[in-house]
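See below for the structure under consideration.
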Amino acid sequence: MLKIDTIWLPETQQKIFRNLLHCMSLPGEISDLSEYLNKSSALVGVLATLLDKSVSWSDEDGLVSPSDRYLLQAPTASVETAKFVVRNATNPPESHFTPNLGELPNPETGATIILQGTALAIGNTTLQLSGAGVKGTRLVNLAGFHPEWFRRRHDWNTNFPLGVDVILVDSTRIMALPRTTHIQMSYFSSTLYG
Numbered sequence: 001m002l003k004i005d006t007i008w009l010p011e012t013q014q015k016i017f018r019n020l021l022h023c024m025s026l027p028g029e030i031s032d033l034s035e036y037l038n039k040s041s042a043l044v045g046v047l048a049t050l051l052d053k054s055v056s057w058s059d060e061d062g063l064v065s066p067s068d069r070y071l072l073q074a075p076t077a078s079v080e081t082a083k084f085v086v087r088n089a090t091n092p093p094e095s096h097f098t099p100n101l102g103e104l105p106n107p108e109t110g111a112t113i114i115l116q117g118t119a120l121a122i123g124n125t126t127l128q129l130s131g132a133g134v135k136g137t138r139l140v141n142l143a144g145f146h147p148e149w150f151r152r153r154h155d156w157n158t159n160f161p162l163g164v165d166v167i168l169v170d171s172t173r174i175m176a177l178p179r180t181t182h183i184q185m186s187y188f189s190s191t192l193y194g
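Note that the numbering used here numbers the sequence shown so that position 139 is 139, with each residue one more than the last.
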């Protein structure tokens, strides 16, 4: 009998989706998905929840295994046109890396970038978040997320409502940075907003 990992079951995907909504509405909140993942990663759990045959995605870093790619059954596209872009956050984005920022009549068509890093809630990179969904400010520590991603996120979101939303993942946890979230980092002398 064929045994399928629980992340491919609709009930599990619904639970992961609720966690994603929680994180999107409360930027900086970290949700632990380990009870839903079995042997899969948070990255694959998020993709299994968000992708289907009608949604394009990009994984130029090859973070998703061929067997999981097959089960996702979602079309791949270039970074410039994909709705979801998966990247290894330990490396900085290339200078030519430009995700879809949406169009003024339809800003919601901007990409969601899913960054795979080492750890959420611990690490030497500290983000101070403010904006919609954050009461006052919130500090978040990260490990294995190159600071250049947050500088570039600021650039991509300068012409709000155009821009990108970002989901950060480690092996079992997720956190969201919607485009309405303002970020200040200790790595830069000036405040980064976006």
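Ideal placement from N, C-alpha and C gives every residue a C-beta, glycine not left out. In this text, all values refer to a predicted model and were calculated from it rather than measured experimentally.
A contact between stretches requires three or more CB pairs, one per stretch, nearer than 8 Å, and the stretch 8-23 meets this requirement with the stretch 33-45.
Rounded to the nearest whole angstrom, the CA to CA distance from residue 94 to residue 60 is 12 Å. According to the DSSP assignment, residue 110 belongs to no alpha helix (DSSP H), since it is labelled neither H nor E.
Leaving aside the five residues that flank residue 159 on each side, the residues in its chain whose CB is nearer than 8 Å to its CB run, in chain order, 101. Around the C-beta of residue 104, fewer than 16 other C-beta atoms lie within 10 Å, and the residue is accordingly described as exposed.
For residue 144, no alpha helix (DSSP H) run applies, since DSSP gives it neither H nor E. Between residue 143 and residue 157, the gap from beta carbon to beta carbon reaches 8 Å or more. Note that the stretch 61-70 does not touch the stretch 132-151; fewer than 3 beta-carbon pairs, one per stretch, sit closer than 8 Å. Its chain contains 128, 129, 130 as the residues whose beta carbon lies nearer than 7 Å to that of residue 137, once the 5 sequence neighbours on both sides are disregarded; these appear in chain order. The secondary-structure analysis by DSSP pairs residue 57 across a beta bridge with 76, 84. Distance between residue 4 and residue 70, taken at the CA atoms: about 13 Å. Separation of the CB atoms of residue 43 and residue 114 is rounded to 7 Å, and the pair is thereby assigned contact status at 8 Å. In the DSSP annotation of this structure, the continuous segment of the alpha helix (DSSP H) that includes residue 43 starts and ends at 42-50. According to the DSSP secondary-structure assignment, residue 121 is paired through a beta bridge with no residue. Going by DSSP, residue 155 is part of no beta strand (DSSP E) but of the alpha helix (DSSP H) stretching over 148-156. An exposed status is given to residue 186, since fewer than 16 other beta-carbon atoms sit within 10 Å of its beta-carbon. By the 16-neighbour rule on beta-carbons within 10 angstroms, residue 82 is buried.
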